[in-house]
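Colleague: Sending over a structure as structure tokens; questions will come in a sec.
Chains as they are written, first to last, in this note's numbering: chain A, 86 to 199; chain B, 247 to 355.
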């Protein structure tokens, strides 16, 4: 398996534009996590899916952020409209069973909103 | 969520063992202790995890206190490539994985 695949690796966009980040988890994994990392706030959990169902989205900063998992092999994180303070590295991770099993992280998407 | 406490930073000499401590006094009976590390410009990577007994793998060893309120990650022979932020996390089935601030490990050549 190629591991967790995220795209794009880098994204530069203008304030107000819609941004979509993509994630392909490891085949067979039941849990998927989206994180955001900044120098100031560290690694923050945004949302957690189990069997394609959002279990906890309490970390999603505001209504501008939305995440979907239409099937077991694909998830998106959308920001609309984007703002400069959304600039961060966004990581996707997957695991067999939530917080019990080893989580595998993607390489991340570095988002810059200008 | 059960919390963990780690020192902000630690320093060690290359080729020497490193002991990274973690306190988790509110751990529940079903929480596993996980360790991850994040190398510069990379995503976090799994290091090791355990429940009650000490664990060894090719990367490190995990020593868990008898009362499970603390644990220690042991790198037996640190190299420059081990310089990273190390996170101690408590995890349970179907539970989210929450990262704290971790310990930044500096390796001196």
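The beta carbon of each residue, even a glycine, is placed where N, CA and C say it ideally should be.
Check residue 141 of chain A in the structure and name its three-state DSSP category.
Modeller: Indexing the first chain from 1 puts residue 141 of chain A at position 56. In this structure, residue 141 of chain A counts as strand in the three-state DSSP scheme.
Colleague: For the pair the region 183 to 195 of chain A and the region 324 to 334 of chain B, tell me if three or more CB-CB distances fall below 8 angstroms.
Modeller: no
Colleague: Please confirm whether residue 343 of chain B and residue 308 of chain B have their CB atoms less than 8 angstroms apart.
Modeller: Counting from one through the second chain, the residue named residue 343 of chain B turns up at place 97. Counting from one through the second chain, the residue named residue 308 of chain B turns up at place 62. No; because the gap between Cβ atoms is not below 8 angstroms, this pair is not in contact.
Colleague: Can you pull the DSSP bridge partners for residue 241 of chain B?
Modeller: Here chain B covers residues 247 to 355 and nothing more, so residue 241 of chain B does not appear.
Colleague: Smallest Cα separation from residue 324 of chain B: which of B:345, B:351, B:338?
Modeller: Numbered from 1 along the second chain, position 78 holds the residue referred to as residue 324 of chain B. Nearest C-alpha to residue 324 of chain B: B:351.
Colleague: Are the region 313 to 324 of chain B and the region 268 to 275 of chain B touching by the rule of at least three beta carbon pairs closer than 8 angstroms?
Modeller: yes
Colleague: 8 angstroms is my cut-off, CB to CB: does residue 56 of chain A come that close to chain B?
Modeller: One cannot answer for residue 56 of chain A here, as it falls past the ends of chain A, which runs 86 to 199.
Colleague: Short of 8 angstroms Cβ to Cβ, which residues in the region 133 to 161 of chain A face chain B?
Modeller: 133, 135, 140, 141
Colleague: Would you verify that the beta carbon of residue 328 of chain B is, or is not, closer than 8 angstroms to some beta carbon of chain A?
Modeller: Within the second chain, the letter at position 82 stands for residue 328 of chain B. Residue 328 of chain B does not count as touching chain A.
Colleague: Who are the neighbours of residue 193 of chain A on chain B, taking C-beta pairs under 7 angstroms?
Modeller: Here residue 193 of chain A refers to the residue found at position 108 when the first chain is read from its first residue. Neighbours of residue 193 of chain A on chain B, chain order: 289.
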